[in-house]
Amino acid sequence: MIPVDILIADDHPLFRAAIRLTISAALPQAQIREASDVEALEAALSEANPDLVLLDLTMPGANGFSSLILMRQHYPAVPVVVVSAHEDNSSMSRAYHHGALGFVPKSSHPDAIAEALNQVLAGNTWFPPGFMPEPQSQQEHQLAQGLASLTPQQYKVLVMFSDGLLNKQIAYELGVSEATIKAHATAIFRKLDVRNRTQAVIALQSLGPVPDPSWHAGPLA
Numbered sequence: 001m002i003p004v005d006i007l008i009a010d011d012h013p014l015f016r017a018a019i020r021l022t023i024s025a026a027l028p029q030a031q032i033r034e035a036s037d038v039e040a041l042e043a044a045l046s047e048a049n050p051d052l053v054l055l056d057l058t059m060p061g062a063n064g065f066s067s068l069i070l071m072r073q074h075y076p077a078v079p080v081v082v083v084s085a086h087e088d089n090s091s092m093s094r095a096y097h098h099g100a101l102g103f104v105p106k107s108s109h110p111d112a113i114a115e116a117l118n119q120v121l122a123g124n125t126w127f128p129p130g131f132m133p134e135p136q137s138q139q140e141h142q143l144a145q146g147l148a149s150l151t152p153q154q155y156k157v158l159v160m161f162s163d164g165l166l167n168k169q170i171a172y173e174l175g176v177s178e179a180t181i182k183a184h185a186t187a188i189f190r191k192l193d194v195r196n197r198t199q200a201v202i203a204l205q206s207l208g209p210v211p212d213p214s215w216h217a218g219p220l221a
């Protein structure tokens with residue numbers, strides 16, 4: 001059997017352990033790696049591209065669908081299967097439009113998880129029976145494109161905005177000048193088509209598993 005490298009990205013140790021057992025039973029040849037947050041996920045991806053990533057949208061640093069969007073931008077050859085406690089058709093549709101090749105609800109039977117892995121590794125997609133993709137809003141499509149265009153440093157700055165840090169605090173954390181942070185902020189606002197930090201943070205939060213109701217269609221006032 002051809003060995004496969006599977007990366008589980010989830011912050012719950014019990015869930016990772018259960019998924020590991022399921023994978024080992026379905027794919028005895030699998031080499032399984034784990035990441036408990038986005039920083040560990042990035043480190044694992046920098047070591048070697050896995051054959052498949054199981055991605056939890058709510059682990060630390062994920063910022064909802066942002067992690068999926070950025071993974072598809074920077075690692076387009078790596079198939080991603082989303083694992084989520086959000087099991088509604090809307091969440092599955094958003095994952096589908098943002099590039100996931102599969103979606104496994106966390107309540108799924110192990111057989112469904114095994115089927116999803118086998119289908120995606122074979123080059124197919126897998127979503128739960130009855131899934132029907134809903135149209136993606138033009139606004140979310142444009143926002144995803146803007147987010148994907150951010151450099152890794154700009155995305156870090158955006159997340160720090162979301163955490164409520166001031167420019168001087170961000171500059172200290174990243175080891176750069178405050179002027180550099182202001183330049184990053186200008187680029188972020190332009191790419192996300194917003195006018196200030198508050199609007200940029202609302203835009204980021206709108207990509208959470210449950211959309212922020214403050215984010216609305218059309219240019220922000």
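Numbering-wise, the sequence shown is residues 1 to 221 according to UniProt numbering. Where a beta carbon is used, it is the ideal one built from N, C-alpha and C, also for glycine.
Provide the residue span of the beta strand (DSSP E) that contains residue i, from first to last.
| i | result |
| --- | --- |
| L7 | 4-9 |
Measure how close the beta-carbons of residue i and residue j come, nearest whole angstrom, since I'm counting them as under 8 angstroms.
| i | j | result |
| --- | --- | --- |
| L57 | L41 | Not confirmed; about 12 angstroms, so no contact. |
| L54 | V81 | 5 angstroms |
| F103 | P128 | 7 angstroms |
| A30 | S36 | At roughly 19 angstroms, the Cβ-Cβ gap does not stay under 8 angstroms, so A30 and S36 are not in contact. |
| L143 | L150 | 11 angstroms between Cβ atoms; not a contact. |
| L174 | K156 | 7 angstroms |
Quick check on the DSSP output: the alpha helix (DSSP H) that includes residue i runs from which residue to which?
| i | result |
| --- | --- |
| R195 | That residue, R195, is in no alpha helix (DSSP H); it is neither H nor E in DSSP. |
| V176 | Unbroken run through V176: none, as it is neither H nor E. |
| M160 | 152-162 |
| L143 | 138-148 |
Report all residues from its chain with a CB closer than 7 angstroms to the CB of residue i; omit the five preceding and five following residues, and keep chain order.
| i | result |
| --- | --- |
| E34 | I8, R16 |
| F161 | R197, A200, V201 |
| E134 | N89, S90, S93 |
| W126 | G102, E115, A116, Q119, V120 |
| G146 | K191, L192, D193 |
Kindly list the residues whose CB is nearer than 6 angstroms to the CB of residue i, restricted to its own chain and excluding five residues on each side of it in sequence; keep chain order.
| i | result |
| --- | --- |
| P110 | T22 |
| H86 | P209 |
| A95 | V82, F103 |
| R20 | I32 |
In chain order, what residues of the same chain lie with their CB nearer than 8 angstroms to the CB of residue i, ignoring the 5 residues before and after it?
| i | result |
| --- | --- |
| G171 | The sequence as given places Ala at residue 171; Gly does not occur at that position. Excluding residues within five positions, the ones whose Cβ falls inside 8 angstroms are S177, E178, T180, I181. |
| A148 | I69, L70, R72, Q73 |
| P50 | D5, I6, L7, R33, A44, V78 |
Closer than 8 angstroms: is that where the CB of residue i sits relative to any heavy atom of the ligand COA?
| i | result |
| --- | --- |
| L165 | Of the ligands one can find in the structure shown there are none, so the ligand COA has no counterpart to examine. |
Original post:
What residue ranges within the UniProt domain "Response regulatory" (5-121) form continuous beta strand (DSSP E) runs of no fewer than 3 residues, ordered along the chain?
Top reply: 30-35, 52-56, 80-84, 102-105
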